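Report on one structure; see the data block that follows.
Residue numbers (the numbering used here): 339 to 481.
Below, the structure written as structure tokens:
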């Protein structure tokens, strides 16, 4: 008898908590975030497994740099997906001022990324130039 009186209260309470949780989840757009992070984790896991499956002789500098480049691409694509989601959210809510701020941050992030890529390329070219110079000197001394 006591259970029959309390059961409707528990049903109503659990339904309201469920509705509140679902509303909060939709507001925070957690489905897209979880989906995006799951995709990134899976792709990084594939790269990690690939590296671990290589023999020591296959773990060359070229393979290492290929893995680094692939990792950067995965992380950058995750960042781009997040930025797109934020832009769409701002577009839907007509917050032009905030959208301008986001676009400015995106522009600065892209410029920073370009500077970073350029500095990495310069470092590789400088390193290669130094090693070629050393090799040339060694060959000249040997001959």
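Using N, Cα and C, we set each Cβ at its ideal position, and we do this for glycine too. All of these numbers come straight from a predicted model, not from anything done at the bench.
Query raised in the report: Anyone know if the C-beta pair for residue 401 and residue 389 falls short of 9 Å?
Result: The residue labelled residue 401 in the question sits at position 63 within the chain shown. The residue labelled residue 389 in the question sits at position 51 within the chain shown. Yes, they are a contact pair.
Query - 7 Å CB neighbourhood of residue 370 in its chain, flanking five on each side removed - result: For the purposes of this step, residue 370 is identified with residue 32 of the chain shown, where counting begins at 1. The beta carbon of residue 370 sits closer than 7 Å to the beta carbons of 423 from its chain, once the five residues preceding and following it are set aside; these are given in chain order.
Report task. In the DSSP assignment, find the alpha helix (DSSP H) that holds residue 381 and state where it starts and stops. Result -> For the purposes of this step, residue 381 is identified with residue 43 of the chain shown, where counting begins at 1. Start and end: 368 to 391.
Query raised in the report: Are the CB atoms of residue 382 and residue 409 nearer to each other than 9 Å?
Result: If you number the chain shown from 1, residue 382 lands on position 44. If you number the chain shown from 1, residue 409 lands on position 71. Going by C-beta atoms, residue 382 is nearer than 9 Å to residue 409.
Requested in this report: Using the Cα positions of residue 368 and residue 461, report the straight-line distance between them to the nearest angstrom.
Outcome: For this step, residue 368 is matched to residue 30 along the chain shown. For this step, residue 461 is matched to residue 123 along the chain shown. In a straight line, the C-alpha of residue 368 is about 40 Å away from that of residue 461.
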